[in-house]
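Quick note, the working numbering runs 52 ahead of the 1-based positions in the sequence shown.
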Amino acid sequence: MDLLLLGIKPFHMLHYLGVNGKLSGNLAAIDEIKGAVPVVYGPRGCGFHYRYAARSRNTPYYELECADFRDKDVIFGAEKKLVTLLKRLDEEKHPEMIFVLPTVVSDIVQEDVAGILRQIQPEIKAVLIPVISQAFSHMNKNNTRKKLKEKARQQGSQKSNESVLYAGCGYVEVMDALAETVMEPQERIANAVNVETFIWGYGGAGQLQRVEALLRQMGIRIHTYLPAADLAGLRKAPAAALNIVRRKKWAITMKERFGTEFFHVADMAEWQGIQGLQEFYRTIGTKLGMEAQVEAVLATEVERIQERYGELKAEFAPHSFALVTRVFTGLPEKIALYQKEYGLRITSIVVVRNRNFQEEHGLDDQTMEQLHQRILARMEEVGCKAPLLVNPDDTALQKALQSCDYAICDTELAVRDIPIPILPSFISHPVFDFDSFLENMEDIARKMKKPAGGGSLLLKACEYDADMYPVPLDDRHTRAARDMYVTMW
């Protein structure tokens, strides 16, 4: 509700509509690096705007500096201004690294940022790092279409192995810069891994700490968190035998330079539940040649949680659940997690999909049918016999839910007229250790005792666009941005 009042759009909407440029991705990476100062090589408007970048929301990025381009700098060049700024920052802030970020202006006038930094480096104590613009780094419809078609061809619990490579909206540009200019060849440590820290879901930092503890039991140690390290840690990152990554492109760059293998966790929803957790750690163990050590710890962990796991499943067993979601391509993973892993008896599935989904993504009928059949196949695999309704009218929706005890509902669908108690969608809390898995189940049990829903939700007093929650019906500007994105991008 506060985001609605402040006019701040949800992160996923900012991402897909491209309201913020890729400098926000640059800053998301640099913000995690210790002893780093970013410099925007462009006009002061860029510096002002990106202090409040999309990824940092309404928290200003106070360390951000700007070269303050003026008209004469665009015409005659801003090299002297940049050099003066770099020297001042080096003397006043004593950073380990200074990143220089390109802008549309510096790219158009073709400033040789890398050349400028090489020339001035002997006079600067901080390591100067040019972040080279990789032109358009946003996901476009061709990328998305290819990704969806690959998803449609997946069978059963098969994991994503995306062939789509893109620059990650500026984030990967910084990661590439680290691999190209900061990291140095190292002697390999056989049992060490690097972990990319980008987007591991709700409570990501805590999740990774638990992953580290579990890996330690298996004899595997985390060498470096990337990019959340200092200069020394970044330089020595290639000593690890394996990178565990969320973005694939920079990992390929590192493999080309240093031969570091990587494990790409493309879709976190595919690695959930007891089975998914075991597959996650087995993949790491296989890549490191440490299968026996990993299997021994997994067996102990699974045995350790069995008693409480059985108690929670027994607590859920008398109840029936409806799954109400906007998710279509990831629905098979949702069904498997809730029905098989959590032990929730799903008796109705309702998909409230964007009515223009097929048209906006340029998908053919064959791909749509493959996506639909993939859902049905997973339902059969896990023994879910619930009817599957796609975009039902209000009457059909009410009828589908009446026989269920609870609705597991995406946040944006909680404003619908749901006649039964609502539980939030727990797949937005991915976990990568067995204690966190049990905690999710404990959370479900607690919320069942005091569920949300009914007419008391304040959000229900507002009118929203059916396909763009939480955009109000009268928000013409956001709707125009979406139309432009769909048409052009």
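Backbone N, C-alpha and C fix where the C-beta goes; we use that ideal spot for every residue, glycine too.
In the structure shown, GLU84 falls within a coil segment according to DSSP collapsed to helix, strand and coil. For HIS529, the secondary structure class from DSSP, reduced to helix, strand or coil, is helix. Look at ALA459 here: in three-state DSSP terms it is strand.
Around the Cβ of GLN391, a 10 Å sphere holds 16 or more other Cβ atoms; the residue is buried. Burial check for LEU217: the Cβ neighbour count within 10 Å stays below 16, so the residue is exposed. Within the same chain, and ignoring the five residues on either side of VAL92 in sequence, the residues whose Cβ sits closer than 8 Å to its Cβ are LEU75, CYS98, GLY99, TYR102, LEU116, GLU117, CYS118, ALA119, LEU153, THR155. For VAL179, same chain residues with a beta-carbon under 6 Å away, outside a window of 5 residues either side, are MET149 in chain order.
In this structure, the beta-carbon distance from THR399 to ALA438 falls below 8 Å. Linking ASP485 to THR447 through their CA atoms gives a straight-line distance of about 41 Å. For GLU494, the secondary structure class from DSSP, reduced to helix, strand or coil, is helix.
Judged by DSSP secondary structure, MET149 falls within the beta strand (DSSP E) whose first and last residues are 149-154.
Within the region 288-323, the complete beta strand (DSSP E) segments of 3 residues or longer fall at 292-297, 313-316, listed in chain order.
Counting along the chain, PHE373 sits inside the beta strand (DSSP E) bounded by residues 372-377. Considering only ASP517, ASP535, MET536, the residue with the shortest C-alpha distance to ASP527 is ASP517. Under the three-state reduction of DSSP, GLU236 is assigned to coil, being neither helix nor strand. Around the C-beta of THR539, fewer than 16 other C-beta atoms lie within 10 Å, and the residue is accordingly described as exposed. Among the bridge pairs identified by DSSP, CYS118 is matched with VAL92. In the same chain as ASN243, and ignoring 5 residues on each side of it, the C-beta atoms closer than 8 Å to its own belong to GLY271, ILE272, ARG273, ALA293, LEU340, MET342, in chain order. Between VAL442 and VAL403, the C-beta gap is smaller than 8 Å, which places the two residues in contact. In this structure, DSSP gives ASN443 a state outside helix and strand, which the three-state scheme calls coil.
Under the criterion of beta carbons closer than 8 Å, GLU359 and VAL297 do not qualify as touching, at roughly 35 Å.
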